[in-house]
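J.:
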Amino acid sequence: MAVIAFENVALSYEKNQHVFRDVSFKVEAGAFFYLMGPSGSGKTSLIRLLYAGNLDYEGDIHIFGRSLQDMRPDEIPELRQQIGVIFQDFYLLDHLNALDNVALPLRIQGQSWAAARKSAAEVLEWIGLTENLDALPATMSGGQRQRLVIARGIINRPRILIADEPTGNLDDENALKLLYLFEELNRQGTTILFATHNRELMRAFPHDILFLKDGALSIESDTQLHPHIRSVRHG
Ligand SMILES: Nc1ncnc2c1ncn2[C@@H]1O[C@H](COP(=O)(O)OP(=O)(O)OP(=O)(O)O)[C@@H](O)[C@H]1O
Ligand SMILES: [Mg+2]
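So the sequence shown is numbered by my numbering: it starts at 9 and just counts up by one.
Below, the structure written as structure tokens:
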């Protein structure tokens, strides 16, 4: 099943100035795609469309088989609970410690603080932040904060995980670690859309690429970039 389907989608913030036009693509459940394109090509704008953060577009967008245009406003929070987004800007809550920043999405869904914190502690352990549960975000390093944002993005086991340039603040070693995490989540069935400029990472972890440029979207198969790796992976 396609969890994301765009049909002839056009987006413009100002009349007659399209960020992109006539964009069509499908992402099947369990897929892993990179989203690439020059700065200003519309990656973040496209991501905003996916979680109904901007409903002002032309064309059709289906998420989990449902048309966004047909959704009632009260159905949108439920949609968003199934989509984890790791934003380009962190949006951490400065007055909450690491544990509560991650527990908050579950609390908002109606769980008790005790239950939410228990799950949050497990995810933070998995992501290597056990030492930092009580830390306020401002006292953590860039890489630690980045992992905190990821923990918050995956705490409610979203069906789709979207990451907007998540390695921008990470050194090479931590960027690789992050990709291992995403690969593991993908193996567990999470569909992943990963916006990045980092060609090194794409070489290390080959996946098909959605490429935005000059208002159009094309798909670069990883067979074009990495024929030998693909043939090894597929035996
Ligand atoms: N809220 C907005 N109002 C008006 N114009 C916007 C808005 N958000 C983005 N834009 C414009 O839309 C275009 C695409 O921006 P977007 O942030 O989607 O690019 P991007 O591919 O994510 O770039 P980057 O790689 O720098 O993050 C840019 O020209 C930008 O100035
Ligand atoms: Mg962006």
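Ideal Cβ positions, reconstructed from N, Cα and C, are used throughout, including at glycine.
If you're wondering where the values come from, they're calculated on a predicted model, not measured in any experiment.
#1: Measuring CA to CA, which of I71, R195, D172 and M148 is closest to T52?
#2: Helix, strand or coil for L19? Go by DSSP, reduced to three states.
#3: Can you tell me whether H215 is buried or exposed, with buried defined as 16 or more other CB within 10 angstroms of its CB?
#4: If you measure from the CB of K221, is any heavy atom of ligand 2 nearer than 7 Å?
#5: How many angstroms separate the CA atom of T175 from the CA atom of A122?
#6: Given a cut-off of 8 Å, decide if L156 and L100 are closer than it, judged by their beta-carbon atoms.
#7: What's the call for P166, buried or exposed, on a 16-neighbour Cβ count within 10 Å?
#8: Do A111 and I135 have their C-beta atoms closer together than 8 Å?
#9: Return the CA-CA distance between D180 and L186, expressed in angstroms with no decimal places.
#10: Return the residue from the list L144, D30 and A13 that minimises the CA-CA distance to S20.
#11: Are the beta-carbon atoms belonging to V247 and V35 less than 8 Å from one another?
#12: So who's on the other strand from M44, going by DSSP bridges?
#13: Assuming N164 contacts L87 (C-beta within less than 8 Å), just tell me the rounded distance between them.
#14: Closer than 7 Å to a non-hydrogen atom of ligand 1 - does that hold for the CB of V5?
#15: Quick check: the Cα distance between V93 and L169, rounded to an integer number of angstroms?
T.: In terms of the structure at hand:
#1: Nearest to T52 by alpha-carbon distance, out of I71, R195, D172 and M148, is D172.
#2: Residue state, collapsed to three classes: strand.
#3: Its Cβ being crowded by 16 or more others within 10 Å, H215 is buried.
#4: Answer for K221: no, Cβ out of range of ligand 2.
#5: As the crow flies, the alpha-carbon of T175 is around 31 Å from that of A122.
#6: Cβ atoms of L100 and L156: closer than 8 Å.
#7: Around the beta carbon of P166, a 10 Å sphere encloses 16 or more other beta carbons of the protein chains shown; the residue is thus reported as buried.
#8: Between A111 and I135, the gap from beta carbon to beta carbon reaches 8 Å or more.
#9: In a straight line, the C-alpha of D180 is about 10 Å away from that of L186.
#10: By alpha-carbon distance to S20, the top candidate from L144, D30 and A13 is D30.
#11: Residue 247 lies beyond the stretch modelled for the chain, which goes from 9 to 243, so this question has no answer here.
#12: DSSP output for M44 lists F219 as bridge partner(s).
#13: Wrong, their Cβ atoms sit about 13 Å apart, outside the cutoff.
#14: Past the edges of the chain, shown from 9 to 243, lies residue 5, and the structure says nothing about it.
#15: Pairing V93 with L169, the inter-Cα distance amounts to about 6 Å.
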